[in-house]
Amino acid sequence: MIYEQPIQNLPEYFVLSDSRGKYFPPYHRADQYQLIIKSISGLQWNNPWQQELSVKNLIDSTSIKSIISTCAGIIFMVGTNSIRSWSASEIIEDIVIHITQSIRSTYDHLNCKTDISICTIFPCLKTSARFLTSNLLTSNINDYNTKLYDISNTLNFTIINFPITISHLNVDGLHIRAKHTSLIFNIILDNITCLLNKTNKIKNSQRSSEAKSRRNKRVHQRQKQQQQSHIIFRLVDTI
């Protein structure tokens, strides 16, 4: 399969995904932006035993850092593997907060709400040793998504939500059926277009404020010059 090559003058968005993005193309180009996608099966927010499957470690790797340093925005499509092993509180409070703050402190250009996006977790029926029943697992997923929304304003990132239900799941109860991949991919594309439009509005607003400030400064200087040119000197006779 042949993929299009990146164009330098188009903003790049980076999607770091677990196996939910395994059917996505590694590169996609739209009219307003281009998309770089890295999908890693088994990827978790944090994996102390396998660093190559840990977002916490990967964002410090040379290859990922080179992408983040130039991208216009980053989208995390991660969490399904984490939510089966850790409680929602452990993931959000110990990992997600740390990662978003780390990115913001390292990359100054990713300082707007639209620059970092995190996807909600799909329904999952594949239980684990930590969550023995589907009810317990579903409760943990709902708790995670709720907490994600709760901290999104505080940490200033956006959330991408998907209308995925149990009916979209494969027989393994973990992955979605391949035929629904386009649904997820199109939602991501639509969200990026929306994010880009919001970013442009923010930048235009900032430029408008700066232009207004410069214009006011020029008017003030011109008025000052006019005032100086109309100074009236009077001779006062001494008594």
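According to UniProt numbering, the sequence shown is numbered sequentially starting from 1. We put the CB at the ideal spot given by N, CA and C, even for glycine.
Exercise. Ends of the alpha helix (DSSP H) at VAL15?
Worked result: For the purposes of this step, residue 15 is taken as the residue at position 15 of the sequence shown. Careful: VAL15 lies outside any alpha helix (DSSP H), inside the beta strand (DSSP E) at 12 to 17.
Exercise. Can you round the beta-carbon distance between residue 240 and THR120 to whole angstroms, since I take them to be within the 8 Å contact cut?
Worked result: Absent from the model: residue 240. The displayed extent of the chain is 1 to 239, so no value can be given.
Exercise. What does a CB cutoff of less than 8 Å around LEU174 pick up in its chain, not counting 5 residues either side in sequence?
Worked result: For this step, residue 174 is matched to residue 174 along the sequence shown. Here the set comprises THR80, CYS124, LEU125 and LYS126.
Problem set entry | Residue from ARG130, GLY73 and ASN191 whose Cα sits closest to the Cα of ARG104 | Position 104 of the sequence shown, counted from the start, is the residue given in the question as residue 104. The residue with the shortest Cα to Cα distance from ARG104 is GLY73.
Problem set entry | Separation of LEU155 from PRO11, as counted between CA atoms | Position 11 of the sequence shown, counted from the first residue, corresponds to residue 11. Position 155 of the sequence shown, counted from the first residue, corresponds to residue 155. Going from the Cα of PRO11 to the Cα of LEU155 covers about 23 Å.
Exercise. Is there contact between the stretch 94 to 113 and the stretch 59 to 71, where contact requires at least three CB pairs shorter than 8 Å?
Worked result: yes
For this session: Report all residues from its chain with a CB closer than 8 Å to the CB of LEU189; omit the five preceding and five following residues, and keep chain order.
Result: Your numbering for residue 189 matches position 189 in the sequence shown. The answer, listed in chain order, is HIS28, ALA30 and LEU35.
Exercise. For the putative contact between THR100 and ILE116, defined by C-beta atoms under 8 Å, what is the C-beta separation to the nearest angstrom?
Worked result: Taking the sequence shown and counting its residues from 1, the one referred to as residue 100 is at position 100. Taking the sequence shown and counting its residues from 1, the one referred to as residue 116 is at position 116. Confirmed, about 6 Å.
Exercise. Nearest-angstrom Cα distance between SER139 and ASP60?
Worked result: In the sequence shown, the residue the question calls residue 139 occupies position 139. In the sequence shown, the residue the question calls residue 60 occupies position 60. Cα to Cα, SER139 sits roughly 32 Å from ASP60.
Problem set entry | Residues near ASN161 in its chain [Cβ-Cβ closer than 6 Å; skip 5 each side] | As a first step, residue 161 is located in the sequence shown; it is residue number 161 there, counting from the start. Taken in chain order, the residues that qualify are THR120.
For this session: Could you round the C-beta distance between SER54 and SER39 to whole angstroms and report it? I think they count as a contact, below 8 Å.
Result: Against the sequence shown, residue 54 aligns to sequence position 54. Against the sequence shown, residue 39 aligns to sequence position 39. At roughly 15 Å, the Cβ-Cβ gap does not stay under 8 Å, so SER54 and SER39 are not in contact.
Problem set entry | Nonlocal neighbours in the same chain, by C-beta distance under 7 Å from HIS180, ignoring five residues either side | Against the sequence shown, residue 180 aligns to sequence position 180. If we look at HIS180 and ignore the five residues flanking it on each side, its Cβ neighbours are HIS168.
Exercise. Are ILE164 and ILE176 close, meaning C-beta to C-beta below 8 Å?
Worked result: Taking the first residue of the sequence shown as position 1, residue 164 is located at position 164. Taking the first residue of the sequence shown as position 1, residue 176 is located at position 176. For ILE164 and ILE176, yes; Cβs fall inside 8 Å.
Exercise. Roughly how many angstroms separate the alpha carbons of SER63 and ILE118, rounded to a whole number?
Worked result: For the purposes of this step, residue 63 is taken as the residue at position 63 of the sequence shown. For the purposes of this step, residue 118 is taken as the residue at position 118 of the sequence shown. So the two alpha carbons sit approximately 21 Å from each other.
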